[in-house]
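Count the sequence shown with our numbering and you get residues 6 to 391, in order.
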Amino acid sequence: MNFENLNLIQPLLNAVNKKGYLNPTPIQEKAIPTILQGKDIFGCAQTGTGKTAAFALPILQLLETEKDRNQRRAVRALILAPTRELVAQISEEFNTYSKGLDIRLVTIYGGISQNAQTQALQKGVDIIVAAPGRLLDLMNQGYVHLDKVEYLVLDEADRMLDMGFINDIRKITAKLPSKRQTMLFSATAPDEIRKLAASLLHNPVQLNLSPDTMPPILVSQSVYHVKKENKKFLLTHVLQNESVKNVLVFTRTKHGADKVVKDLIKNGIKAQAIHGNKSQSARDKALKDFKNRTIRVLVATDVASRGIDVDKLSHVINYEIPEQAETYVHRIGRTGRAGETGSALSFCSSDEKAYLKNIHKLIRRNIDVVTSHPFAINAVFSTTFS
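As C-alpha coordinates, then:
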(Lines of atoms letter the chains of each structure in order from A; the text may use other names.)
(Lines give C-alpha, C1' and ligand atoms only; values in the text may rest on other atoms or scores of the structure.)
Protein backbone atom coordinates (compact mmCIF):
# COMPACT_ATOMS: atom_id res chain seq x y z
CA MET A 6 0.00 0.00 0.00
CA ASN A 7 1.27 3.47 -0.89
CA PHE A 8 -0.30 6.93 -0.79
CA GLU A 9 -1.20 6.78 -4.48
CA ASN A 10 -3.62 3.95 -3.63
CA LEU A 11 -5.58 6.25 -1.29
CA ASN A 12 -6.97 8.43 -4.11
CA LEU A 13 -5.37 11.61 -2.86
CA ILE A 14 -5.13 14.58 -5.22
CA GLN A 15 -1.73 15.39 -6.73
CA PRO A 16 -0.85 18.46 -4.58
CA LEU A 17 -1.27 16.31 -1.45
CA LEU A 18 0.79 13.48 -2.93
CA ASN A 19 3.50 16.01 -3.74
CA ALA A 20 3.47 17.27 -0.15
CA VAL A 21 3.64 13.74 1.24
CA ASN A 22 6.53 12.86 -1.06
CA LYS A 23 8.37 16.02 -0.05
CA LYS A 24 8.06 14.96 3.59
CA GLY A 25 9.74 11.68 2.63
CA TYR A 26 6.76 9.46 3.48
CA LEU A 27 6.69 6.34 1.33
CA ASN A 28 3.84 4.29 2.77
CA PRO A 29 0.87 5.23 4.95
CA THR A 30 0.80 4.10 8.57
CA PRO A 31 -1.99 1.71 9.59
CA ILE A 32 -4.19 4.52 10.91
CA GLN A 33 -3.63 6.57 7.75
CA GLU A 34 -4.46 3.57 5.58
CA LYS A 35 -7.75 3.07 7.43
CA ALA A 36 -8.78 6.64 8.21
CA ILE A 37 -8.08 8.47 4.94
CA PRO A 38 -10.51 6.46 2.75
CA THR A 39 -13.11 6.45 5.53
CA ILE A 40 -13.03 10.24 5.90
CA LEU A 41 -13.11 10.73 2.12
CA GLN A 42 -16.29 8.63 2.12
CA GLY A 43 -17.91 11.11 4.51
CA LYS A 44 -18.10 8.83 7.56
CA ASP A 45 -17.61 9.76 11.20
CA ILE A 46 -14.64 8.19 12.99
CA PHE A 47 -13.95 7.12 16.56
CA GLY A 48 -10.22 6.40 16.52
CA CYS A 49 -8.16 4.99 19.35
CA ALA A 50 -4.46 5.32 18.55
CA GLN A 51 -1.24 6.02 20.38
CA THR A 52 0.81 9.11 19.80
CA GLY A 53 3.39 8.81 17.05
CA THR A 54 1.19 6.72 14.73
CA GLY A 55 0.74 9.40 12.04
CA LYS A 56 -2.69 10.40 13.33
CA THR A 57 -2.53 14.06 12.28
CA ALA A 58 -1.92 13.25 8.61
CA ALA A 59 -4.70 10.65 8.85
CA PHE A 60 -7.28 13.43 9.24
CA ALA A 61 -5.42 16.41 7.76
CA LEU A 62 -4.92 14.95 4.28
CA PRO A 63 -8.55 13.94 3.62
CA ILE A 64 -9.96 17.12 5.15
CA LEU A 65 -7.73 19.26 2.94
CA GLN A 66 -8.81 17.25 -0.09
CA LEU A 67 -12.50 17.64 0.73
CA LEU A 68 -12.12 21.37 1.34
CA GLU A 69 -10.25 21.87 -1.93
CA THR A 70 -12.42 19.73 -4.20
CA GLU A 71 -15.81 20.73 -2.77
CA LYS A 72 -15.19 24.46 -2.58
CA ASP A 73 -17.72 26.96 -3.89
CA ARG A 74 -15.44 29.55 -5.50
CA ASN A 75 -18.25 32.13 -5.59
CA GLN A 76 -18.87 32.19 -1.84
CA ARG A 77 -16.99 34.18 0.78
CA ARG A 78 -14.58 32.18 2.91
CA ALA A 79 -16.12 30.70 6.04
CA VAL A 80 -14.79 28.31 8.66
CA ARG A 81 -15.49 24.85 7.24
CA ALA A 82 -13.14 22.73 9.35
CA LEU A 83 -12.52 22.96 13.10
CA ILE A 84 -9.79 20.98 14.86
CA LEU A 85 -9.69 21.07 18.67
CA ALA A 86 -6.68 19.95 20.72
CA PRO A 87 -5.85 20.26 24.42
CA THR A 88 -2.50 22.09 24.51
CA ARG A 89 -0.81 24.97 22.78
CA GLU A 90 2.03 22.72 21.64
CA LEU A 91 -0.31 20.21 20.05
CA VAL A 92 -2.34 22.96 18.37
CA ALA A 93 0.87 24.41 16.93
CA GLN A 94 2.05 20.98 15.75
CA ILE A 95 -1.26 20.20 14.02
CA SER A 96 -1.25 23.62 12.35
CA GLU A 97 2.29 23.08 11.13
CA GLU A 98 1.30 19.80 9.50
CA PHE A 99 -1.80 21.30 7.88
CA ASN A 100 0.30 24.16 6.49
CA THR A 101 2.88 21.71 5.14
CA TYR A 102 0.32 19.54 3.37
CA SER A 103 -1.73 22.47 2.03
CA LYS A 104 1.09 24.03 0.00
CA GLY A 105 -0.28 24.33 -3.53
CA LEU A 106 -3.89 24.54 -2.32
CA ASP A 107 -6.04 27.63 -1.89
CA ILE A 108 -6.59 27.08 1.83
CA ARG A 109 -6.34 29.56 4.70
CA LEU A 110 -5.79 28.42 8.27
CA VAL A 111 -5.62 30.20 11.61
CA THR A 112 -4.09 28.85 14.82
CA ILE A 113 -5.85 29.85 18.03
CA TYR A 114 -4.59 29.38 21.58
CA GLY A 115 -4.06 31.41 24.73
CA GLY A 116 -0.92 32.70 26.39
CA ILE A 117 -0.28 35.26 23.64
CA SER A 118 -2.02 38.37 22.31
CA GLN A 119 -5.19 37.64 20.38
CA ASN A 120 -4.58 40.44 17.85
CA ALA A 121 -2.89 38.38 15.14
CA GLN A 122 -5.57 35.71 15.52
CA THR A 123 -8.48 38.11 15.23
CA GLN A 124 -6.90 39.87 12.23
CA ALA A 125 -6.55 36.53 10.44
CA LEU A 126 -10.15 35.64 11.25
CA GLN A 127 -11.42 38.93 9.88
CA LYS A 128 -9.71 38.23 6.52
CA GLY A 129 -11.59 34.93 6.24
CA VAL A 130 -10.28 31.42 6.91
CA ASP A 131 -11.19 27.87 5.92
CA ILE A 132 -9.70 25.99 8.90
CA ILE A 133 -9.36 26.75 12.59
CA VAL A 134 -6.99 24.73 14.74
CA ALA A 135 -7.63 25.71 18.33
CA ALA A 136 -7.40 25.07 22.03
CA PRO A 137 -10.93 25.20 23.48
CA GLY A 138 -10.42 28.00 26.01
CA ARG A 139 -9.20 30.76 23.68
CA LEU A 140 -11.58 29.66 20.91
CA LEU A 141 -14.60 30.00 23.20
CA ASP A 142 -13.33 33.41 24.32
CA LEU A 143 -13.12 34.63 20.69
CA MET A 144 -16.55 33.17 19.97
CA ASN A 145 -17.99 35.13 22.87
CA GLN A 146 -16.33 38.29 21.50
CA GLY A 147 -17.98 37.72 18.13
CA TYR A 148 -14.81 37.01 16.15
CA VAL A 149 -15.56 33.34 15.41
CA HIS A 150 -18.66 31.97 13.69
CA LEU A 151 -18.99 28.21 13.31
CA ASP A 152 -22.35 27.89 11.55
CA LYS A 153 -20.67 26.74 8.30
CA VAL A 154 -18.44 24.03 9.79
CA GLU A 155 -18.56 20.77 7.84
CA TYR A 156 -15.69 18.90 9.52
CA LEU A 157 -14.95 18.65 13.23
CA VAL A 158 -11.92 16.91 14.74
CA LEU A 159 -11.36 16.35 18.46
CA ASP A 160 -7.76 15.26 18.90
CA GLU A 161 -6.38 13.84 22.17
CA ALA A 162 -9.94 13.84 23.49
CA ASP A 163 -8.97 11.97 26.65
CA ARG A 164 -6.47 14.67 27.59
CA MET A 165 -9.05 17.40 26.93
CA LEU A 166 -11.37 15.72 29.41
CA ASP A 167 -8.53 15.31 31.92
CA MET A 168 -7.81 19.03 31.65
CA GLY A 169 -11.43 19.97 32.35
CA PHE A 170 -12.41 21.12 28.85
CA ILE A 171 -15.61 19.09 28.65
CA ASN A 172 -17.91 22.08 29.30
CA ASP A 173 -16.02 24.23 26.77
CA ILE A 174 -16.29 21.44 24.19
CA ARG A 175 -20.03 21.16 24.71
CA LYS A 176 -20.48 24.94 24.39
CA ILE A 177 -18.44 24.96 21.16
CA THR A 178 -20.13 21.96 19.55
CA ALA A 179 -23.55 23.43 20.38
CA LYS A 180 -22.75 26.21 17.87
CA LEU A 181 -21.93 23.78 15.05
CA PRO A 182 -24.36 22.57 12.39
CA SER A 183 -25.93 19.24 13.32
CA LYS A 184 -25.15 17.99 9.83
CA ARG A 185 -21.37 17.63 9.78
CA GLN A 186 -18.64 15.02 9.69
CA THR A 187 -16.97 14.41 13.06
CA MET A 188 -13.73 12.65 13.91
CA LEU A 189 -12.75 11.91 17.51
CA PHE A 190 -9.30 10.57 18.32
CA SER A 191 -8.16 9.43 21.74
CA ALA A 192 -5.21 7.49 23.12
CA THR A 193 -7.53 5.79 25.62
CA ALA A 194 -11.24 5.00 25.62
CA PRO A 195 -12.65 5.22 29.16
CA ASP A 196 -16.40 5.51 29.74
CA GLU A 197 -16.29 9.32 29.68
CA ILE A 198 -14.77 9.30 26.18
CA ARG A 199 -17.30 6.77 24.93
CA LYS A 200 -20.15 8.92 26.26
CA LEU A 201 -18.70 11.98 24.54
CA ALA A 202 -18.30 10.04 21.30
CA ALA A 203 -21.89 8.80 21.48
CA SER A 204 -23.15 12.39 21.85
CA LEU A 205 -21.12 13.78 18.93
CA LEU A 206 -20.71 10.99 16.38
CA HIS A 207 -23.23 9.49 13.97
CA ASN A 208 -22.76 5.82 13.14
CA PRO A 209 -18.99 6.13 13.47
CA VAL A 210 -16.42 3.76 12.04
CA GLN A 211 -14.29 2.56 14.97
CA LEU A 212 -10.55 2.39 14.39
CA ASN A 213 -8.87 0.64 17.29
CA LEU A 214 -5.45 0.30 15.75
CA SER A 215 -3.13 0.63 18.72
CA PRO A 216 -4.16 -0.84 22.05
CA ASP A 217 -3.48 1.87 24.61
CA THR A 218 -1.99 -0.66 27.02
CA MET A 219 0.89 -1.67 24.74
CA PRO A 220 4.11 0.35 24.52
CA PRO A 221 5.72 0.90 21.10
CA ILE A 222 7.52 -2.29 20.08
CA LEU A 223 10.73 -0.50 19.05
CA VAL A 224 11.24 1.07 22.50
CA SER A 225 13.53 -0.74 24.94
CA GLN A 226 12.42 -0.29 28.55
CA SER A 227 14.42 -0.37 31.77
CA VAL A 228 13.96 0.68 35.38
CA TYR A 229 16.52 1.96 37.89
CA HIS A 230 15.68 1.52 41.57
CA VAL A 231 17.09 4.50 43.42
CA LYS A 232 16.53 6.59 46.54
CA LYS A 233 14.52 9.71 45.82
CA GLU A 234 17.33 12.00 46.96
CA ASN A 235 19.75 10.30 44.55
CA LYS A 236 17.65 10.71 41.42
CA LYS A 237 19.38 13.96 40.45
CA PHE A 238 22.77 12.25 40.69
CA LEU A 239 21.54 9.25 38.71
CA LEU A 240 20.22 11.53 35.96
CA THR A 241 23.60 13.24 35.62
CA HIS A 242 25.26 9.81 35.56
CA VAL A 243 22.97 8.55 32.79
CA LEU A 244 23.51 11.68 30.72
CA GLN A 245 27.25 11.07 30.73
CA ASN A 246 26.57 8.19 28.33
CA GLU A 247 27.17 9.44 24.79
CA SER A 248 24.40 7.20 23.42
CA VAL A 249 21.88 9.47 25.15
CA LYS A 250 21.85 11.97 22.30
CA ASN A 251 18.67 13.83 23.19
CA VAL A 252 16.26 13.09 25.99
CA LEU A 253 12.79 14.09 27.12
CA VAL A 254 12.62 13.93 30.92
CA PHE A 255 9.23 13.66 32.62
CA THR A 256 8.28 14.96 36.05
CA ARG A 257 4.87 14.97 37.69
CA THR A 258 4.86 18.65 38.68
CA LYS A 259 5.90 22.03 37.28
CA HIS A 260 8.04 22.72 40.35
CA GLY A 261 9.74 19.35 39.90
CA ALA A 262 10.56 20.16 36.27
CA ASP A 263 12.17 23.47 37.22
CA LYS A 264 14.19 21.79 39.99
CA VAL A 265 15.53 19.12 37.62
CA VAL A 266 16.64 21.80 35.15
CA LYS A 267 18.34 23.76 37.93
CA ASP A 268 20.25 20.66 39.08
CA LEU A 269 21.33 19.80 35.52
CA ILE A 270 22.58 23.31 34.79
CA LYS A 271 24.62 23.19 38.02
CA ASN A 272 26.34 20.13 36.56
CA GLY A 273 27.07 21.83 33.26
CA ILE A 274 24.26 20.14 31.28
CA LYS A 275 22.14 22.38 29.05
CA ALA A 276 18.45 21.85 29.75
CA GLN A 277 15.15 23.73 29.71
CA ALA A 278 11.72 23.05 31.16
CA ILE A 279 8.34 23.20 29.47
CA HIS A 280 5.13 23.42 31.50
CA GLY A 281 1.98 25.46 32.01
CA ASN A 282 3.57 28.17 34.16
CA LYS A 283 5.99 29.11 31.39
CA SER A 284 5.04 31.88 28.98
CA GLN A 285 4.18 30.82 25.45
CA SER A 286 7.34 32.44 24.09
CA ALA A 287 9.45 30.54 26.63
CA ARG A 288 7.74 27.26 25.75
CA ASP A 289 8.20 27.89 22.04
CA LYS A 290 11.89 28.70 22.51
CA ALA A 291 12.51 25.62 24.66
CA LEU A 292 10.87 23.35 22.10
CA LYS A 293 12.72 25.01 19.21
CA ASP A 294 16.07 24.70 20.99
CA PHE A 295 15.38 21.05 21.72
CA LYS A 296 14.38 20.24 18.15
CA ASN A 297 17.44 21.92 16.64
CA ARG A 298 19.72 20.28 19.25
CA THR A 299 20.77 23.55 20.90
CA ILE A 300 19.86 21.84 24.15
CA ARG A 301 20.13 18.12 24.77
CA VAL A 302 17.59 17.78 27.57
CA LEU A 303 13.98 18.96 27.73
CA VAL A 304 12.13 18.48 31.02
CA ALA A 305 8.34 18.37 30.75
CA THR A 306 5.17 17.70 32.65
CA ASP A 307 2.61 15.35 31.10
CA VAL A 308 0.14 18.05 30.09
CA ALA A 309 2.78 20.22 28.40
CA SER A 310 4.26 17.24 26.57
CA ARG A 311 1.17 16.70 24.42
CA GLY A 312 2.22 17.97 21.02
CA ILE A 313 5.96 17.46 21.47
CA ASP A 314 6.98 15.60 18.34
CA VAL A 315 10.75 15.39 17.86
CA ASP A 316 12.37 13.42 15.05
CA LYS A 317 14.79 10.70 16.15
CA LEU A 318 14.32 11.26 19.89
CA SER A 319 16.75 8.77 21.39
CA HIS A 320 15.56 8.60 25.01
CA VAL A 321 12.67 9.23 27.35
CA ILE A 322 13.38 9.28 31.08
CA ASN A 323 10.65 8.97 33.70
CA TYR A 324 12.39 10.96 36.42
CA GLU A 325 9.22 10.33 38.41
CA ILE A 326 7.00 7.31 37.79
CA PRO A 327 3.51 8.46 36.69
CA GLU A 328 0.61 7.74 39.00
CA GLN A 329 -1.53 6.48 36.10
CA ALA A 330 -0.13 3.45 34.29
CA GLU A 331 -1.58 4.59 30.94
CA THR A 332 0.44 7.79 31.22
CA TYR A 333 3.60 5.68 31.16
CA VAL A 334 2.66 4.31 27.74
CA HIS A 335 1.96 7.81 26.41
CA ARG A 336 5.27 9.12 27.74
CA ILE A 337 7.50 6.48 26.24
CA GLY A 338 5.63 6.72 22.94
CA ARG A 339 7.55 9.97 22.33
CA THR A 340 10.52 7.85 21.26
CA GLY A 341 10.69 4.89 18.87
CA ARG A 342 8.61 6.70 16.24
CA ALA A 343 8.41 6.24 12.48
CA GLY A 344 10.39 3.02 12.50
CA GLU A 345 13.19 4.38 14.69
CA THR A 346 14.35 2.64 17.85
CA GLY A 347 14.30 4.36 21.22
CA SER A 348 14.96 3.81 24.92
CA ALA A 349 12.76 4.51 27.92
CA LEU A 350 14.37 4.68 31.37
CA SER A 351 12.41 4.95 34.61
CA PHE A 352 13.78 6.04 37.99
CA CYS A 353 11.79 4.33 40.75
CA SER A 354 12.03 5.30 44.42
CA SER A 355 10.50 3.22 47.22
CA ASP A 356 7.32 5.34 47.36
CA GLU A 357 6.72 4.73 43.63
CA LYS A 358 6.84 0.92 43.63
CA ALA A 359 3.05 0.65 43.60
CA TYR A 360 2.92 2.80 40.43
CA LEU A 361 5.54 0.58 38.79
CA LYS A 362 3.60 -2.53 39.74
CA ASN A 363 0.50 -1.11 38.04
CA ILE A 364 2.53 -0.41 34.91
CA HIS A 365 3.72 -4.03 34.89
CA LYS A 366 0.13 -5.21 35.11
CA LEU A 367 -1.03 -2.88 32.35
CA ILE A 368 1.64 -3.83 29.82
CA ARG A 369 1.63 -7.46 31.02
CA ARG A 370 5.37 -7.76 31.41
CA ASN A 371 8.09 -6.83 33.86
CA ILE A 372 10.42 -4.02 32.85
CA ASP A 373 14.11 -4.93 32.85
CA VAL A 374 15.92 -3.78 36.00
CA VAL A 375 19.31 -2.08 35.72
CA THR A 376 21.48 -2.78 38.76
CA SER A 377 24.86 -1.71 37.37
CA HIS A 378 24.70 1.92 38.39
CA PRO A 379 26.29 3.74 41.35
CA PHE A 380 23.00 4.47 43.14
CA ALA A 381 21.30 1.07 42.92
CA ILE A 382 19.21 -0.15 45.86
CA ASN A 383 17.85 -3.61 46.47
CA ALA A 384 14.29 -3.03 45.33
CA VAL A 385 13.75 -5.66 42.67
CA PHE A 386 10.36 -7.37 42.65
CA SER A 387 8.26 -9.23 40.14
CA THR A 388 4.62 -9.45 39.18
CA THR A 389 2.78 -12.63 38.28
CA PHE A 390 0.25 -12.34 35.51
CA SER A 391 -2.80 -14.55 35.16
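The beta carbon of each residue, even a glycine, is placed where N, CA and C say it ideally should be.
As the structure is a computational prediction, the values presented were derived from the model and not from experiment.
Host beta strand (DSSP E) of residue i (start-end)
i, result
"serine 348", "347-353"
"leucine 157", "156-159"
Residue i in three-state terms, based on DSSP
i, result
"glutamine 33", "helix"
"histidine 320", "strand"
"tyrosine 333", "helix"
"phenylalanine 380", "coil"
"aspartate 307", "helix"
"alanine 278", "strand"
"alanine 136", "coil"
"serine 387", "Confidence at serine 387 is low in this model, with a pLDDT of 43, below 50, so its placement is unreliable and the value that follows should be read with caution. Correct three-state label for serine 387: coil."
"aspartate 289", "helix"
"phenylalanine 255", "strand"
"leucine 151", "coil"
"valine 374", "strand"
Environment of residue i [buried if 16+ CB atoms lie within 10 Å]
i, result
"proline 182", "exposed"
"arginine 199", "exposed"
"glutamine 124", "exposed"
"threonine 193", "buried"
"threonine 187", "buried"
"asparagine 208", "exposed"
"asparagine 323", "buried"
"valine 21", "buried"
"isoleucine 270", "exposed"
Delimiting residues of the alpha helix (DSSP H) encompassing residue i
i, result
"asparagine 363", "358-368"
"leucine 269", "259-271"
"leucine 110", "No alpha helix (DSSP H) contains leucine 110, which is instead part of the beta strand (DSSP E) from 110-113."
"valine 21", "15-24"
"threonine 123", "120-128"
Beta-carbon proximity of residue i to residue j, cut-off 8 Å
i, j, result
"isoleucine 46", "leucine 212", "yes"
"aspartate 142", "leucine 68", "no"
"threonine 54", "isoleucine 32", "yes"
"serine 351", "valine 254", "no"
"phenylalanine 8", "proline 29", "yes"
"alanine 50", "alanine 86", "no"
"proline 327", "aspartate 314", "no"
"glutamine 226", "isoleucine 382", "no"
"isoleucine 95", "alanine 82", "no"
Uninterrupted beta strand (DSSP E) stretches inside the region 162-236 (no shorter than 3 residues) | 186-191, 210-213, 224-230
Mind listing, in chain order, the continuous beta strand (DSSP E) runs of no fewer than 3 residues lying wholly within the region 28-106?
-> 46-49, 82-85
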